[in-house]
Amino acid sequence: MHSSFTKHALFVAISFITAGSCAQAQGQAPAPVSAKASLDRALKEEGNWYFSWGYSRQQYAPSDIHVSQPELGNNFTVHKAAASDFPSSVPDTIKSLVTLDLTDPQENVRVGKFMNPERTFAIEFSLDHSKYNTDFGQTVALSGTINNQPAPSSMVLTPQNFTYALHNGLNHLMLNAVWLKHLRGPEQQAGDLQLISRVGAGILLPHADNTIFGKENQVGPKNENVCCGKGDWWQVNGWTAGVEVGLRYRIYKSVYGELTQKFAYGALKGVPVYKGTADQTIWMSEQVFSLGFLF
């Protein structure tokens, strides 16, 4: 995933959260001076923003993929296709970290702002750069029409007849509500262990890489028409919602590690294929390990 896309996404997220905080403050009725002063002080103190980068693995439930190619006479569904993620190798991941190319692996970015003085509730932007590809060699059931003829009852997926990948990637961009609960250790200091939970929703911004019956989808070079319209490298092709729960451990006063489990649902519509589109719903399970800091 292109690094400029991540930078732009983070800029938009920070601007949105900051604007939302200001609007919230302006829209509230005047509070007692002591309470207002306490809130203002909390929001201005160091450590009320946080940022993290993480690495993840994903698993996907089998799903139906509907393909429509009117010019080719194709209108069929691949039923219960199994799929996997596409993790970078350990050497590639290390190389990405050394060169600061943090968008090659299955990365996860979080940037958020605490909204109360106790720092137990935050509003957060998240980017999950997950990857998805159907597994070759599996036999799937088919229904519908292919070349204006009834589709066969089944088909073995091969690179030539059905390559369906969202490698760059199946991007979940979400706005989350975040809650933290102290479990043990000194609060807000090194050694602080917290339970963290998230719930959020947003858009799916995938890059489709597919070949169907020998016809490959082409969207042009990555450095041209990057985002986010029809024909661009990344396209808005649906919506997503998810929940996440895990542990956050304060390694240092301003540095933390986080291990979470996330479940997300995505509804994809209009994913580009050669002379047509594909629709699909996805259930994803994801494990995320992140390192972050407060500022």
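When the letters of the sequence shown are read in order and numbered with this note's numbering, they come out as residues 11 to 305. Even glycine gets a Cβ: it sits at the ideal position worked out from N, Cα and C.
Alpha-carbon to alpha-carbon, residue j and residue i
| i | j | result |
| --- | --- | --- |
| alanine 288 | aspartate 74 | 10 Å |
| glutamate 81 | asparagine 158 | 10 Å |
| tryptophan 63 | glutamate 117 | 7 Å |
| glycine 37 | glutamine 297 | In this predicted model, glycine 37 has a pLDDT of only 47, less than 50, meaning its place in the structure is not dependable; the value taken from the coordinates is given anyway. For glycine 37 and glutamine 297, the distance between alpha carbons rounds to 38 Å. |
| methionine 267 | asparagine 220 | According to the sequence shown, residue 267 is glycine rather than methionine. Distance between the alpha carbons of glycine 267 and asparagine 220 is about 36 Å. |
| leucine 107 | asparagine 84 | 44 Å |
| proline 127 | glutamine 271 | 27 Å |
| phenylalanine 131 | valine 166 | 49 Å |
| aspartate 145 | glutamate 197 | 46 Å |
| cysteine 32 | phenylalanine 299 | Note that cysteine 32 scores 47 on pLDDT, short of 50, meaning its location in the model is unreliable and no value can be drawn from it. |
| isoleucine 156 | cysteine 237 | 32 Å |
| histidine 192 | glutamine 199 | 11 Å |
| leucine 301 | glycine 276 | 26 Å |
| glycine 147 | phenylalanine 172 | 10 Å |
| threonine 149 | glutamine 290 | 18 Å |
| lysine 105 | methionine 125 | 37 Å |
| valine 100 | tyrosine 65 | 11 Å |
| alanine 92 | lysine 263 | 43 Å |
| asparagine 227 | leucine 110 | 30 Å |
| proline 72 | leucine 278 | 15 Å |
| glutamate 134 | phenylalanine 305 | 14 Å |
| asparagine 58 | valine 209 | 20 Å |
Strand pairing of residue i, partner residues [DSSP]
| i | result |
| --- | --- |
| isoleucine 75 | Val88 and Gln290 |
| proline 101 | DSSP, once it has assigned bridges, lists no residue as partnering proline 101. |
| valine 265 | Tyr262 and Phe303 |
| aspartate 145 | DSSP output for aspartate 145 lists no bridge partner at all. |
| glutamate 134 | Gly122 and Asn186 |
| histidine 217 | BP columns for histidine 217 are empty, so no partner. |
| serine 66 | Val298 |
| serine 94 | Gln69 and Asn143 |
| threonine 250 | Gly212 and Gly276 |
| leucine 257 | Leu205 and Leu269 |
CB contact flag (residue i, residue j, <8 Å)
| i | j | result |
| --- | --- | --- |
| serine 136 | proline 115 | no |
| alanine 251 | alanine 211 | yes |
| alanine 274 | histidine 182 | yes |
| tyrosine 284 | lysine 225 | yes |
| glycine 195 | leucine 203 | yes |
| phenylalanine 303 | valine 265 | yes |
| leucine 185 | proline 216 | no |
| tyrosine 142 | aspartate 95 | yes |
| alanine 161 | histidine 89 | no |
| valine 229 | proline 169 | no |
| valine 255 | serine 207 | yes |
| asparagine 122 | tyrosine 70 | Checking the sequence shown, residue 122 turns out to be glycine, not asparagine. Going by C-beta atoms, glycine 122 is not nearer than 8 Å to tyrosine 70. |
| leucine 269 | glycine 248 | no |
| threonine 87 | serine 163 | no |
| leucine 190 | arginine 258 | yes |
Whole-Å CB distance - residue i paired with residue j, under 8 Å assumed
| i | j | result |
| --- | --- | --- |
| arginine 260 | glycine 179 | Between glycine 179 and arginine 260 the Cβ distance is about 30 Å, and since that is not below 8 Å, they are no contact. |
| isoleucine 222 | valine 77 | 6 Å |
| serine 79 | glycine 286 | The sequence given here places glutamine at residue 79; serine does not occur at that position. That pair is a contact at about 3 Å. |
Exercise for review: Please list the segments of the beta strand (DSSP E) lying wholly inside the region 164 to 211, counting only runs of 3 or more residues, in order along the chain.
Suggested key: 164 to 166 and 172 to 194
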